[in-house]
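The numbering used here numbers the first residue of the sequence shown as 1 and each following residue consecutively. All residues carry an ideal CB built from backbone N, CA and C; glycine is no exception. Down below is the structure, laid out as structure tokens.
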Amino acid sequence: MRKTNITLLIFVIIFLLSNTTIVSSADLTGARPLAMGGAFVGVADDANSVLWNPAGMKQSQESYFGANYRVDQYDNKLMGNILLVRSRANNGARYLDWGFGTSKNSEIINSVEYQRTSYVVALADQYTRNIAIGVSGKHITEESNDFGSENNFTLDAGLLLKFGEMFKIGIVGYNLTDPSLRSFSRKLQGGVAIKLSDFIKLAADGAKMYSDNYSSSDINYNLGVELSPVKAIALRGGYSEEKIYKNRYVSGGVGLTTSNAIIEYTYYNGLNDKVDNRHIFSLIFALGPAKK
């Protein structure tokens with residue numbers, strides 16, 4: 001029965017994506033995912049999973065509150081906050097994890113200034129021992145001087161398959177409903193994460209965009225690596241290709257973990273467009289272990 005339901009979930013995601021070319025999405029942020037080139041759908045093991053793959057909330061052993069800040073050379077800014085709270089039933093019964101995220105983005109696209117505010121509520125369930133599923137609802141407000149204001153609601157759905165401690169597969173359908181936002185596209189993204197050892201993790205994602213701006217063969221690629229020379233320090237690198245703008249990106253970052261906080265920085269740079277670079281900062285606080 002559970003296998004049938006998982007198959008049905010995947011079918012629904014693909015069906016909804018294949019029947020639209022409407023523009024819609026929310027902003028993804030987080031220093032760690034972007035340091036790994038955006039290859040995070042299969043990793044999804046910290047507070048960033050609220051936005052990247054809600055099914056990944058089941059991997060976290062802590063409750064977190066985080067803040068993100070992103071800026072580029074055009075003074076475009078994105079500020080985001082993530083709250084991930086885990087809860088468990090006292091009798092050991094099945095339970096849902098939940099998370100909440102917000103972001104506020106200010107940017108200029110083709111000389112038009114946009115302001116976007118997003119609110120995200122996510123739920124995750126450990127469907128079987130090796131399968132987690134998640135869904136998130138997003139309310140997005142987009143404002144611009146030229147086009148006025150839009151308010152829309154959309155959904156993401158995620159799946160995470162775990163094969164032991166070494167190998168994971170993640171699949172996410174972003175923006176499955178039809179909010180008709182101008183700035184982004186629906187997206188189906190899949191990824192794998194490989195833990196070679198406690199020292200090194202590898203990740204690779206592929207994303208298919210669904211928009212009039214993309215051809216049927218356009219797939220964006222993301223590659224990432226995370227090295228942990230000591231327990232408190234993580235070094236990250238990534239590479240990604242963005243088909244619609246014909247740009248390639250490289251990224252690098254560092255994370256420092258203390259007893260109750262994680263401090264992260266990422267530099268994200270365009271190879272084709274030398275002035276397209278971004279700085280991302282994250283500060284995440286551990287609020288304590290999951291409730292038992």
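With respect to the 8 Å criterion, L84 and S63 are classified as neighbours on the basis of their beta carbons. Boundaries cannot be given for P54, as no alpha helix (DSSP H) includes it and DSSP labels it neither H nor E. Only buried fits T154, as 16 or more other CB atoms lie within 10 angstroms of its CB. Straight across, the Cα-Cα distance linking E242 with G270 is about 10 Å. In this chain, the beta strand (DSSP E) harbouring R236 covers I233 to E242. A distance below 6 Å between beta-carbons, with the five flanking residues on each side excluded, links E150 to the following residues of its chain, in chain order: E142. Taken through DSSP and simplified to helix, strand or coil, L196 comes out as coil. Apart from the 5 residues on each side of it in sequence, E113 sits with its Cβ closer than 7 Å to the Cβ of S144 and N145 in its chain, given in chain order. In this structure, the straight-line span from the alpha carbon of Y221 to that of S240 is close to 5 Å. Taking E264 as the centre and dropping the five residues before and after it, the same chain places the C-beta of A31, R32, G255 and S282 closer than 6 Å to its C-beta, in chain order. Under the three-state reduction of DSSP, K58 is assigned to helix. For the pair of segments examined, the stretch 221-236 was found not to touch the stretch 48-63: the number of CB pairs separated by less than 8 Å stays below three. Between the C-alpha atoms of A203 and F147 there is a straight-line separation of about 39 Å.
Here A261 is exposed: its Cβ has fewer than 16 other Cβ atoms, across all protein chains shown, within 10 Å. For L34, the enclosing alpha helix (DSSP H) starts and ends at A31 to A35.
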